[in-house]
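Novice: Counting in my numbering, the sequence shown runs from 9 upward without gaps. Structure in structure tokens, see below.
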Amino acid sequence: MTHMKVQMAPTTWRIKRKGAKFVLRSNPGKQTELSMPVSLVLKNILKKCKTTKEVKSILNENEVIIDGKRRKDYKYPLGVMDVISFPITDEHYRMIITEKTRLDLIKIDKKESKLKPTKIIGKKILGKDKIQLNLFDGRNITIKKNDYSVGDTIVFKLPEQEIKEKFSMEKGNFVFLYKGKKKGEQGTIEEVKEGKIKIKNANGDIIMTEKEYAFVIGKNKPFVKITN
């Protein structure tokens with residue numbers, strides 16, 4: 009189905025909920041509450057278009073780059089930590105989730121648009137020196153080194169899709185929370201124990217939540233920009 013009822017849309021989406029019955033549904037591949045179809049991003053967040061017809065025109069006639077690849081599908085899901093770029097105007101944005109628990113875009117520079125962090129959410133040994141990593145953004149990659157763990161974050165260099173950095177879920181590293189009652193919060197890891205994580209935010213408050221709700225984005229401080 010191309011559309012779904014508005015009341016079924018995630019609360020994280022920035023959409024009008026009054027006066028409309030249906031809203032565009034994303035293509036599968038990413039968590040629905042943590043991604044939005046490109047069409048809605050261009051219309052509701054960036055305000056570059058007013059109609060789906062205008063969205064399709066921009067995607068077909070101009071370059072719209074997401075994570076280093078040109079995209080023409082107006083239903084393609086733009087997810088948390090994804091990068092969307094408009095080469096003609098030299099505009100670059102990263103998708104985040106705010107403390108108000110809404111998906112939003114922050115403007116980044118061209119240099120940072122070449123960096124894409126994503127979390128390892130699954131791992132499988134396929135054979136000798138062959139490991140499959142299942143990633144937060146819906147992708148699966150195969151690597152040779154077995155020094156990656158579920159919960160780690162890897163940073164890709166775009167558009168080459170080469171692994172540039174790795175950050176582990178350990179004390180002292182910086183995280184943001186993308187799920188749970190405290191989603192949108194960020195801070196430094198104080199402790200990781202038995203599936204739980206304790207972090208200290210900028211105000212010095214201690215937050216306890218599930219380890220799976222945390223996304224590591226740097227050592228001591230964010231490796232990429234996550235706030236305006």
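The beta carbon of each residue, even a glycine, is placed where N, CA and C say it ideally should be. Bear in mind the structure is a predicted one, so any value in this text is a computation, not a measurement.
1) Starting from E202, trace the beta strand (DSSP E) in both directions and tell me its first and last residue.
2) Would you please state the rounded distance, in angstroms, between the beta carbons of D240 and K124? I believe it to be under 8 Å.
3) Going by the CB atoms, is the gap between K165 and K174 shorter than 7 Å?
4) Assuming L111 and I129 form a contact by the criterion Cβ under 8 Å, report the distance between their Cβ atoms to the nearest whole angstrom.
5) For Q15, does the three-state DSSP call read helix, strand or coil?
6) Quick check: what's the CA-CA separation for G37 versus I215?
7) Specify, as a first and last residue, the run of the beta strand (DSSP E) that S65 falls within.
8) May I ask which residues mark the beginning and end of the beta strand (DSSP E) holding E102?
9) C57 and L50 - do their beta-carbons sit closer together than 7 Å?
10) When DSSP builds the beta bridges, which residues end up paired with D112?
11) Starting from S43, trace the beta strand (DSSP E) both ways and give me its first and last residue.
12) According to DSSP, simplified to helix, strand and coil, what is T40?
13) Contact check, V91 vs R78 under 8 Å by CB: the rounded distance?
14) Quick one: complete beta strand (DSSP E) runs, 3+ long, within the region 151 to 177?
15) Apply the 10 Å Cβ neighbour rule to S157 and answer buried if 16 or more other Cβ atoms are within range, or exposed otherwise.
16) Quick check: what's the CA-CA separation for K136 versus K153?
17) Determine, using beta-carbon pairs with one atom in the region 65 to 75 and one in the region 191 to 200, whether at least three such pairs fall under 8 Å.
Specialist: Let me lay it out:
1) First-last for E202: undefined, no H or E at that position.
2) Residue 240 is absent from the model: the chain starts at 9 and stops at 236.
3) no
4) So it is not a contact: roughly 19 Å between Cβ atoms.
5) helix
6) 30 Å
7) It is not in any beta strand (DSSP E) - S65 instead sits in the alpha helix (DSSP H) that spans T60 to E69.
8) The residue asked about is misnamed: residue 102 is Arg in this sequence, not Glu. E99 to I105 is the span of the beta strand (DSSP E), which, as asked, contains R102.
9) yes
10) I104
11) S43 to P45
12) helix
13) The Cβ separation is near 13 Å, so there is no contact.
14) 161 to 165 and 170 to 175
15) exposed
16) 10 Å
17) no
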